[in-house]
Every structure is written in C-alpha cells, then in structure tokens.
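Notes follow once the structure below has been shown.
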C-alpha cells in the first residue's frame, strides 16, 4: 500500500472544491485515460483584476490524483493568474507533505491543468509535449522517456553517464539493470552496442583543465563559501582530489553539525557548476587519507 | 485485525491448525533433516508426511514428484529454465498474454537470450484459441507454460487438454496453478502435465513455501545446485516448519474442497449479483461460466480502482484492483488490456476473492457499502454526469 501522508489522505477523503463550477470562465482538461488519470480544472476569474475567485475540479484517478487536484484548487483561490502560474508541481506535492515518487506525476497533471485553464481563459491555445514513461529510478523519480531522451541528446554510453545527466541510478542502484536496457535500445538506434564497463563520457574526454587548474578552481570555490562557514564558527579544508572525488575536512562548529550534509550538498552543487563536471564531495577527517594509503 | 478480507487471491490467513502443526518444529523439533541423529530424523519424518499430504492434494502418482521450493515464482522459474536447459535444441516457448508476472517477466527476459516466445491472445472473456495454439506447437517448442486459473478474473484454461497437445508435439507442459490448487480437485497422475507450481500462502499455509510438481521421468535441470536436499533437485536446507505447515494446509484443503465449490461459490455469486444489481455501468470481467469458485472481478466504469480501494479500506473492506496506480505502472492490468476492456473500465476493475472463512454477513455488508462508494467517486469524475456518462464525452489533452 502507498505510504500517503495524512494530508494526502485528508484531501482524498474530504476533497475541497469537487464538482462542476457552473459559471467557470477558464477550463483546463488534461490527463490520459490510458494512464488512468484525467482532470478538469474549472476557474472563475474576475476579469478586472485577474483574480481567481473560485476553483473547482473533477478528477478520474487514484487517491493522490484526487488529493493533488483538491490541493491545487485551494492553492490558487484568491491568487491572480500570474501568481497562480507560479505554482509548480513540487509546490503541490509540498502542500500535501510529499507524494510517493510513483505519484509525482499526479502533481504534474495538476500543474498542467492550471496552465491549460489559464490559457483557456485567455483565449490561447495550450499545447504540451507531455510524454511520460515507466518509472525507472524510484529514488529520484526519473522515468524511461526522460532517460531515453537524455541518452539520445547527449550520446551517452554508460550507466554512470545517465546518472550524471539525469540523477537516475544515483541512489539505491537497483535500477541499473533497467538503465542498461534503455542504453542497449537507444545505442542500437545509432548503430552502437552497449558495452558494460565503458568509461563515462566525462572520463573518456576530460574537461580541458590541468589538475593544477582544477585544484585552484576548487580552492576558489571553497574560499567563496568560507566566510559563511566562519560566521557559524566552522571551516572547511581541501584534503585531496582523486579524479571525481574531492576529499574535504569540516572543522570547528561544522564538524558533526546536523546541517553538515546539507552544507556539503550545497558546496558540491557549486563545485559542479564551476568545474562543469560531475564530482562527489566526501567529508573526511584530516590525516585519515594518508593513513589509509599506507594500508592498501 | 477487524475487517472484511476479500483479497484471498493475494494471500490467505494461515489456519490456526496449520500454525499449531508448525510450532513444535521451531523449538523442540529444530533438527536438520539431513543430520545423522534423532533430532534430524524426526524432522525428516515430518517432511515425508507433508510430502504425502501435498501428493494427495495434487493427485500425484509418487511422493517423489513433490519438490518443495520457496514460493510459486521459484517453482515457475525452475520449471521453465529447466525445460530449456534439458532440451537445448528447442528454442521456443508458448505462453499466454495473461500469465502472472512470475512467468511473463521471465519469458520476456528469455527473449533477450534468443528464445522465441509465443504469447497466446485471449478473447473478451479471457478464453484462449486452441486452434491457434495447435498451430504454434512444433518440434521447436521446448515448453508450454499456461496458468490453470487466472489470478485476476479466476478464468480457467483448459490445461489438461493443452498438456495432451503439447505432449503429442514432444514439448514439455508447465502450469502455474497457484490460484487453482486447493480450490479445484486435481488428479495429476491422469494428465500429461509435466510440471505444476504451487504457492503455500494461497491456501492458508505460510508465505515463503512453494512446491514444484515434477512428473517422474521428465528431464530436469535444477535451478539451485548444492546439497542433496529434495533428491538433489532443489539444494538448500529445507524450510522445515513451513513444509510441515503446507502439508497440514494441503490436508485441510482436501477436506474443504466441497465447501469451497458450494458454499464459497454461493457467497461469491450472491456478492456479484448484489453489486451488479445496485451499480449501473458495472460488469463482470473474464468468463463467468468457467472460473474459480471464490473469485469475482467487476469493472466499474469511469472511475479509478485505487480510489475505490482506499474508500473500501476506510470501511474495513480489503480487495484488489487492476488499475495502473495500484501497481505503480503506467498501464492498467495486462489481463484487462488483453481482453480488450476499454481504459475507462480497465482502471476501475476490482477483484473480490473469498475464502472458506468468508461469511454471509460480510457479503451483505460489502453489497451495502460498494454502491455508495462508486456513486461518491463518480460524482468526482469528469466522465460522469448525474446517472450516466457525460453526453459530450470528456476528451482531455494528450488522452
């Protein structure tokens, strides 16, 4: 059984704003009956102010589809159209205290219904390139179509590439077989055959930087975040760079801080942006590395 | 737990008497049946008894035809892979489009290894075309794997007849009978069925125990190699407690066979008629004239199955659905699609599966609750208006 949050259950069992809105002036119909989800969103917009006075829905779908629809109507009421359009599918999921990865598409459907309803009100034609595949990576909710398209667009050759470009496979790794199957299929389209163990694109064609240049760049990034860390009574030190792995040591108040993982994630993101490659940052105690190398 | 459990094709409650039979084998009788002392010997004797109890339920000729495994899926994999390994010159498999994933997923995987798999289609009542089957059988067919009864609709397949035909073509015949064993009288010794899969937890034994029936003389290649357990055909220390439990459950299933086909069937029929009479735009899927006595699968048009299940669960009623959302896949049940059930109904299918513990009061309660739930969800559905589907059909973008 799905692990639905209390909020999802509440919005499913007592949906808000369900049913036809008689004087709606913006209607969005989205969904796919083959996938088992379809939604009609009805808005009543005040023409002078563009404010959404009322919002109703009708949904064919599972518990989370109905809950996402209900949440959406609550979220957009009282907003102007432009404000409402800023509501993302992640906002809908957050409003419901999260959705299982398999169910994130329910919130996507809500977001699309909103776009469609606003377009309908404004007399525009709304079209969408929505295409959804089977869920492959459950850790990061990445589907097959997304993976296929990314492999095609970037000529990817390995599971590692796919993880680097889409995040798929970067968690529990159970889906690696599934990713390999997609690689086999897409690579066959361009007349290549998938070979396990092929180095990722990044390794095969290293970024045009010498090691020294890279290390200098890494130091510069660390330098840029140092003031923030120092403000909280902590610091960071670069210990070693081993290919894609960057070893650092968190010191002072940062060491063992509950926010350490979050902080490192932020730094890792920044490093990836600056270096334009995928790297992993690993917190290590100073001295641990040299000792480890004595003991191969 | 209080509640009405109508999901017995998913799993069943372990009978108290089964638990009672098992308990001594956790503690006092903990020996390894392979050991050369009386700790082991006593357990060995208990396994021998269980084997004979299962033999009787299946109507097998020899007790050595019963191989204990860990589950129905292991039995299915062992059977199909063994048939391929034992007949390396034959490269084709025949199965159906409505098999359980335990067989289907294995078959699609084998296709990658170069095996040709033929998937027999079904008609709108879930029936196979035997003429088509006959055409596919050849000297290339290594194994035919066809389920005895479909888990979703309960529809029977003519496996006894199909086994004869396979045998005439020199192919092995396997049947996944996990839903049928215990509900249908079996007499395997009078059939040409070579291999048959059983799952303990479908017949009031624990989870984690299964059986592969292997007719004497059928060429066999084990899946698990190692020790001499199960005469070398399934290595690994025996799951002694569960084997004892399955033996007891098999004995009890024999005793309950008549009840299953009279009383349980009567309750199922009452439930089905009661729901269909009260809910418009609902229909039975599969073949109502030839199916398991405990199963009924009803499609409720224009609403989605997971939502139905969540509301049923609120009333303490447990059932199951073929909707895409309950499985986390994007497609509704492959069984419903194979029968050509339209999407507007396939997503709204609900399976009620009863057992010998089901009561009249439970059936009455479900009949009373279901129409309310269906009406409540249809009020939310963009496909529905008032008492029927919208006149102007709802046609969302990218439908």
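Residue numbers (the working numbering), protein chains in the order written: chain A, 111 to 406; chain B, 3 to 401.
Beta carbons are placed, not taken as given, at the ideal position from N, Cα and C, and that holds for glycine.
For clarity, every value in this text was computed on a predicted model and none was experimentally measured.
- Message: Helix, strand or coil, according to DSSP, for residue 131 (chain B) in the structure here?
- Response: Taking the first residue of the second chain as position 1, residue 131 (chain B) is located at position 129. Coil at residue 131 (chain B), not helix or strand.
- Item | When B:189, B:381, B:205, B:219 are compared against residue 60 (chain B), the one with the closest alpha-carbon | Position 58 of the second chain holds residue 60 (chain B). It is B:189.
- Which residues mark the beginning and the end of the alpha helix (DSSP H) in which residue 258 (chain A) is found? In the first chain, counting from the first residue as 1, residue 258 (chain A) sits at position 148. Its alpha helix (DSSP H) spans residues 254-264.
- Message: On the DSSP bridge list, what partners appear for residue 120 (chain B)?
- Response: Against the second chain, residue 120 (chain B) aligns to sequence position 118. Per DSSP, B:96.
- Any idea what DSSP makes of residue 148 (chain B), helix, strand or coil? Residue numbering aside, residue 148 (chain B) sits at position 146 when the second chain is read from its first letter. In this structure, residue 148 (chain B) counts as coil in the three-state DSSP scheme.
- Taking all protein chains shown into account, decide if residue 315 (chain B) is buried (16 or more other Cβ within 10 angstroms of its Cβ) or exposed. Working through the second chain from its first residue, we reach residue 315 (chain B) at position 313. Result: exposed.
- Task: Following the continuous alpha helix (DSSP H) through residue 103 (chain B), name the residue where it begins and the one where it ends.
- Result: The count along the second chain starts at 1 and reaches residue 103 (chain B) at position 101. 103-114 is the span of the alpha helix (DSSP H), which, as asked, contains residue 103 (chain B).
- May I have the straight-line CA-CA distance separating residue 119 (chain A) from residue 320 (chain A), to the nearest angstrom? In the first chain, residue 119 (chain A) corresponds to position 9, counting from 1. In the first chain, residue 320 (chain A) corresponds to position 210, counting from 1. So the alpha carbons of these two residues sit roughly 55 Å apart.
- Measuring CB to CB, does residue 1 (chain B) end up less than 7 Å from residue 287 (chain B)? Outside the shown range of chain B (3 to 401) lies residue 1 (chain B), about which nothing can therefore be said.
- Residues near residue 113 (chain B) by beta carbon distance below 6 Å, same chain, minus five either side: Position 111 of the second chain, counting from 1, holds the residue named residue 113 (chain B). 119, listed in sequence order.
- Looking at residue 146 (chain B) and residue 173 (chain B), is the spacing between their C-beta atoms short of 7 Å? Sequence index remark: in the second chain, residue 173 (chain B) carries index 171 (1-based). Sequence index remark: in the second chain, residue 146 (chain B) carries index 144 (1-based). It is a contact, given that the beta carbons lie within the stated cut-off.
- Ignoring anything shorter than 4 residues or poking outside the region 226-292 of chain B, list the alpha helix (DSSP H) runs there in chain order. 242-261, 267-280
- Among B:194, B:365, B:125, B:205, which residue has its Cα nearest to the Cα of residue 166 (chain B)? One-based indexing of the second chain puts residue 166 (chain B) at position 164. For residue 166 (chain B), the nearest C-alpha among the options comes from B:194.
- Message: Contact criterion: CB-CB distance below 7 Å. Does residue 120 (chain B) meet it with respect to chain A?
- Response: The residue labelled residue 120 (chain B) in the question sits at position 118 within the second chain. Output row for residue 120 (chain B): interface = no.
- Three-state class that DSSP yields for residue 131 (chain A) in the structure shown: Here residue 131 (chain A) refers to the residue found at position 21 when the first chain is read from its first residue. Three-state result, residue 131 (chain A): coil.
- Of the residues A:170, A:140, A:310, the one placed nearest residue 420 (chain A), counting alpha carbons only: This structure leaves residue 420 (chain A) out entirely; chain A is present only between 111 and 406.
- The beta strand (DSSP E) with residue 149 (chain A) in it runs from where to where? Reading the first chain from its first residue, position 39 is the one you call residue 149 (chain A). Note, residue 149 (chain A): beta strand (DSSP E), 147-156.
- Item | Close beta carbons around residue 273 (chain B), own chain, < 7 Å, minus the five adjacent residues each side | By 1-based counting over the second chain, the position of residue 273 (chain B) is 271. Result list for residue 273 (chain B): 298, 354, 365, 368, 369, in chain order.
- Query: Residues in its own chain within less than 6 Å of residue 387 (chain B) by CB, not counting five upstream and five downstream?
  - Reply: Start at 1 with the first residue of the second chain, and residue 387 (chain B) comes out as number 385. Cβ within range, chain order: n/a, list empty.
- Query: Going along chain A, which residues have a C-beta under 7 Å from residue 306 (chain B)?
  - Reply: As a position in the second chain, residue 306 (chain B) is number 304, starting the count at 1. Neighbours of residue 306 (chain B) on chain A, chain order: 146, 170, 171, 172.
- For residue 150 (chain A), which residues in chain B fall below 8 Å Cβ to Cβ? Walking along the first chain from the start, residue 150 (chain A) turns up at place 40. Within chain B, the residues near residue 150 (chain A) are 384, 396, 398.
- Query: Does residue 312 (chain B) have its Cβ less than 7 Å from a Cβ in chain A?
  - Reply: Within the second chain, numbered from 1, the residue matching residue 312 (chain B) stands at position 310. Chain A, which has a Cβ nearer than 7 Å to the Cβ of residue 312 (chain B), makes this yes.
- Item | Beta-carbon spacing of residue 244 (chain B), residue 78 (chain B) below 7 Å | Reading the second chain from its first residue, position 242 is the one you call residue 244 (chain B). Reading the second chain from its first residue, position 76 is the one you call residue 78 (chain B). Taking 7 Å as the Cβ cut-off, residue 244 (chain B) and residue 78 (chain B) do not qualify as a contacting pair.
- Task: Can you pull the chain B residues whose beta carbon is under 7 Å from the beta carbon of residue 176 (chain A), in chain order?
- Result: For the purposes of this step, residue 176 (chain A) is taken as residue 66 along the first chain, with counting starting at 1. Neighbours of residue 176 (chain A) on chain B, chain order: 309, 382.
- Query: Are the region 333-348 of chain A and the region 284-295 of chain A in contact at 8 Å, needing three or more beta carbon pairs?
  - Reply: no
- Message: Quick check: residue 248 (chain B) and residue 80 (chain B), are their CB atoms within less than 7 Å of each other?
- Response: If you number the second chain from 1, residue 248 (chain B) lands on position 246. If you number the second chain from 1, residue 80 (chain B) lands on position 78. Contact flag unset, no.
- Item | Beta-carbon separation (whole angstroms), residue 199 (chain A) vs residue 218 (chain A), contact threshold 8 Å | Stepping through the first chain from its first residue, residue 199 (chain A) is reached at position 89. Stepping through the first chain from its first residue, residue 218 (chain A) is reached at position 108. Correct: roughly 5 Å between the Cβ atoms.
- Task: Please check if any C-beta of chain A sits within less than 7 Å of the C-beta of residue 349 (chain B).
- Result: As a first step, residue 349 (chain B) is located in the second chain; it is residue number 347 there, counting from the start. It does; some Cβ of chain A falls within 7 Å.
- Query: Listed in chain order, which residues of the region 119-143 of chain A have Cβ atoms closer than 9 Å to some Cβ of chain B?
  - Reply: 119, 122, 123, 125, 128, 129, 130, 138, 139, 140, 141, 142, 143
- Based on the DSSP secondary-structure assignment, which residues constitute the bridge partners of residue 390 (chain B)? Taking the first residue of the second chain as 1, we reach residue 390 (chain B) at position 388. For residue 390 (chain B), which the question treats as bridged, DSSP gives the partners B:387.
- Residue burial classification, residue 438 (chain A) (beta-carbon count within 10 angstroms, cutoff 16): Summary: the structure shown does not reach residue 438 (chain A), with chain A confined to residues 111 through 406, and so no result is reported for it.
- So residue 267 (chain A) is in the alpha helix (DSSP H); what residue range does that whole segment cover? Working through the first chain from its first residue, we reach residue 267 (chain A) at position 157. Counting along the chain, residue 267 (chain A) falls outside any alpha helix (DSSP H), and DSSP gives it neither H nor E.
- Query: Cβ of residue 321 (chain B) less than 7 Å from any chain A Cβ?
  - Reply: Mapped onto the second chain, residue 321 (chain B) falls at position 319. So no, residue 321 (chain B) is outside the interface.
- Cutoff 8 Å; reference residue 12 (chain B); Cβ partners in own chain excluding five residues on either side: As a first step, residue 12 (chain B) must be located in the second chain, where it is residue number 10. Counting only Cβ-Cβ distances below 8 Å, and skipping sequence neighbours, we find 322, 355.
- Message: Quick check: residue 379 (chain B) and residue 305 (chain B), are their CB atoms within less than 7 Å of each other?
- Response: Sequence index remark: in the second chain, residue 379 (chain B) carries index 377 (1-based). Sequence index remark: in the second chain, residue 305 (chain B) carries index 303 (1-based). In contact: residue 379 (chain B) and residue 305 (chain B) (Cβ atoms closer than 7 Å).
- Message: Considering only the alpha carbon of each residue, which of A:266, A:328, A:322 lies closest to residue 305 (chain A)?
- Response: Walking along the first chain from the start, residue 305 (chain A) turns up at place 195. It is A:266 whose Cα lies nearest to the Cα of residue 305 (chain A).
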